[in-house]
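Below is one structure; the comments refer to it alone.
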Amino acid sequence: MNILVIGSGAREHAIAKALDKTADVYTYMGRKNPGLARISKIYKVGDESDFDSIISFAKENDIEIAFIGPEAPLEKAIVDELEKVGIKSVGPKQEAAQIETNKAFMRKLFEDYNIDGSIKYGTFYSLEEAYEFIDEFGEPVVVKPIGLTGGKGVKIVGDQLADNQEAKEYVKEIFDQKMGGFEGVVIEELLIGEEYTIQAFVDGKTIVPMPAAQDHPHAFEGNKGPITGGMGSYSDKNHLLPFLSQEEYDLSVDIMKQTIDAIAKEATEYKGILYGQFMLTKAGPKLIEYNARFGDPESMNVLSVFDYDLAEISKQIVEGTLEKAIFKNKASVCKYVVPDKYPNTKAADTIVEVDEEKIEQLDAEVYYAAVYEDDNQEVHLTSSRAIAVLAVRDSIKEAEIACEEAIKYIKGEVYHRSDVATEELLNDKIEHMKEVKS
Ligand code: GLY
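Just so we're aligned: the sequence shown equals residues 711 to 1148 in our numbering.
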């Protein structure tokens, strides 16, 4: 089967690697990712928002299914456009993708369909009404632009915002800049607990969940510093997390199932990958937000323990015949190597050296992210996350140690968070959850 992967990051590298086991992979990417280029039967470097170019490439190569990596093309209706020329996609149509691309849509869906895991919120298109809500709310709030902001638009009182006064100032900034493409804002109650991710394959009706994972969004050790795209993540051999029980996992999956049923009624069937970001609170799992695609880095955790045929699953997603997936009972740890000063890097452009052979000998994996390869096959940093290193072992502890060992073989003007998935950090999370529930 000829499958087209769209995207150029580590998430797409992981998707392509899994598909490559049973399908011919073709890739359309914004810059030359060396990992993706090597896997691809044919690849094209081009503008990921140029759908005419993507469709020509797909037709030239007899593509049967497209696998959409990032959210931006979903928002612009890539799936709808591909369908017009007879190519089905692993990814939702524009209307269903609103579950990620329009936070007002998502919260209203939860309210209208009485979906579990709902929270207190308000959506505002008037600055005065937003201010009034914050004043009357009287508790710390979370401020979210309605549209896509590359994961960098959400600000939380007690984290990036000192108090509700600063929250109001940020609301004004969102309105003034039309941040995320809307002159509007979603304001939510602040949830206390531990965040986690559950990703699922979805064929419109059936959802097949994957192991839970936990990302580390803060840039610096000890969960300090600015929020990033994610500095590293882990998953456990029982497919739960050290602070997440089977019952809590099942409740979260049920929230995702209720969401899929509601989207089908409200918009159109949702097909693709659904990424649920949850907060485990004293009152159980609450939905923070959805992504309409695999997570980055969490895709690498689940795909590294995936023990089934991703091309077959893709076929089942588009045909609506999804049944099951199999994941190994192994733990995984993934850590991102990022340019110095990330996330405030301009464009680094310096060379990063990756000793892939040595990393492979250590039984670890490398996924290339926001880097590019030049004509001399040298890999350059850009301004974003550069390279993910991942290890799979029988325990999180062993995987974390293996990951650290392998990461030594990446050299350049880079850093990583050495505390990601360490025993100390995980114990803090377990204790935190005990406190929250007491
Ligand atoms: N790990 C965060 C995301 O994929 O958006």
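All residues carry an ideal CB built from backbone N, CA and C; glycine is no exception.
Looking at the strands, I want to know which residues DSSP matches up with glycine 698. The displayed coordinates of the chain run from 711 to 1148. Any statement about residue 698 would go beyond what the structure contains.
What are the boundary residues of the beta strand (DSSP E) that includes threonine 946? Looking at the sequence provided, one finds aspartate at residue 946 rather than threonine. Aspartate 946 -> no beta strand (DSSP E), and no H or E assigned at all.
Given threonine 1092 as reference, the closest of Asn743, Val1102 and Thr737 once Cα atoms are compared: Comparing Cα positions, the closest option is Asn743.
Quick check: does the Cβ of aspartate 925 come within less than 7 angstroms of any heavy atom belonging to the ligand GLY? Flag set: Cβ of aspartate 925 near the ligand GLY.
From the DSSP output, in three-state form, read off threonine 859 for me. Coil, per DSSP.
Give the list of continuous beta strand (DSSP E) stretches no shorter than 3 residues that lie fully inside the region 716–741. Counting only runs that start and end inside the region 716–741, the beta strand (DSSP E) elements of at least 3 residues fall at 734–739.
Give a yes or no on contact between the region 978–991 and the region 914–922, applying the rule of three or more CB pairs nearer than 8 angstroms. Output reads yes: the region 914–922 touches the region 978–991.
Could you work out which residue in Asp1138, Gln875 and Asp1129 is closest to glutamate 931 when comparing CA atoms only? Considering only Asp1138, Gln875 and Asp1129, the residue with the shortest C-alpha distance to glutamate 931 is Asp1129.
Could you check the C-alpha separation between aspartate 734 and aspartate 1006 for me, to the nearest Å? One Cα belongs to aspartate 734, the other to aspartate 1006, and the distance between them is close to 23 angstroms.
Nonlocal neighbours in the same chain, by C-beta distance under 7 angstroms from proline 802, ignoring five residues either side: Excluding residues within five positions, the ones whose Cβ falls inside 7 angstroms are Leu784, Val789, Tyr980, Lys981, Gly982 and Ala1002.
Following a CB-centred definition, is proline 1007 positioned closer than 7 angstroms to any heavy atom of the ligand GLY? For the ligand GLY, at least one heavy atom lies less than 7 angstroms from the Cβ of proline 1007.
Is it buried or exposed for glutamate 1088, if we count other Cβ within 10 angstroms and need 16 for buried? Of the other Cβ atoms in all chains shown, fewer than 16 fall within 10 Å of the Cβ of glutamate 1088; this residue is therefore exposed.
Kindly identify the DSSP beta-bridge partner or partners of glutamine 924. When beta bridges are read from the DSSP output, glutamine 924 appears opposite Tyr944.
Under 8 angstroms between the Cβ atoms of valine 795 and isoleucine 765? The Cβ-Cβ distance between valine 795 and isoleucine 765 falls below 8 angstroms.
Count the C-beta pairs between the region 1052–1070 and the region 951–959 that are closer than 8 angstroms, then say yes if the count reaches three, no if not. Judged by Cβ distances under 8 angstroms, the region 1052–1070 makes no contact with the region 951–959, as fewer than three pairs qualify.
Looking at glycine 719 and the ligand GLY, is the gap between the Cβ and the nearest heavy atom below 7 angstroms? No, since every heavy atom of the ligand GLY falls outside the 7 angstroms radius drawn around the Cβ of glycine 719.
Quick check: the region 746–757 against the region 1104–1122, are at least 3 beta-carbon pairs closer than 8 angstroms? No, the region 1104–1122 does not touch the region 746–757.
Below-8 angstroms beta-carbon distance, lysine 1034 vs any chain C residue: The chain inventory of the structure shown lacks chain C, comprising one protein chain alone.
Helix, strand or coil: how does DSSP classify asparagine 1011 here? DSSP places asparagine 1011 in helix when its eight states are reduced to three.
Presumed contact (8 angstroms Cβ cut-off) between glycine 827 and isoleucine 970, rounded CB distance: Contact between glycine 827 and isoleucine 970 is absent: CB atoms are separated by about 14 angstroms, not below the 8 angstroms threshold.
Candidates Ala807, Phe767, Lys798 and Glu774, of which the one nearest lysine 786 by Cα: Measuring from the Cα of lysine 786, the nearest candidate turns out to be Ala807.
Per DSSP, isoleucine 917 is paired with what? DSSP, once it has assigned bridges, lists Val912 as partnering isoleucine 917.
Are the Cβ atoms of lysine 798 and isoleucine 778 separated by less than 8 angstroms? No, the Cβ-Cβ distance between lysine 798 and isoleucine 778 is not below 8 angstroms.
Mapping DSSP to helix, strand and coil, what is methionine 989? In this structure, methionine 989 counts as strand in the three-state DSSP scheme.
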